[in-house]
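Participant: At position 40 of the sequence shown (counting the first as 1) the number is 31 in this note's numbering, and the numbers step up by one without a gap. For every residue, glycine included, the Cβ atom is placed at its ideal position computed from N, Cα and C. The structure is given below, and queries will be raised subsequently.
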Amino acid sequence: MRTSIEALKDISGLSGIKANERADAAVFVRTEMDADDNSYKSNLFLLRQGEICQLTSAGEESSFAFEGNE
C-alpha cells in the first residue's frame, strides 16, 4: 500500500516533501491566482488513504495556522 506522502508527490507534482515516516495523512495548500482582478485564494486539502478532501479555503486577508508535534 502506498503511503500518503508518495500519493501526494504524484498528485501535486511536488518534490522534497518532508514528513514523519509514521504519518498516515498529509495536509497541503494549493493557491490559485485570478489574473482578472489580481487576487488569490488558498485552499487547504487533506490527503488520507489516497483520497483528497478540501478542508477550507482562505482569501488574501486570511491565513492558515498549524500546530502539532514533530
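Determine which residues share a DSSP beta bridge with Ala49 and list them.
Facilitator: Bridge partners of Ala49: Ser33.
Participant: Taking 6 Å as the limit between beta carbons, can you name the residues of its chain near Lys32, skipping five residues before and five after?
Facilitator: Glu23, Ser48 and Gly50
Participant: Quick one: what does DSSP say Asp27 is sitting in, helix, strand or coil?
Facilitator: coil
Participant: Considering only DSSP beta bridges, list what Arg21 is partnered with.
Facilitator: Asn34
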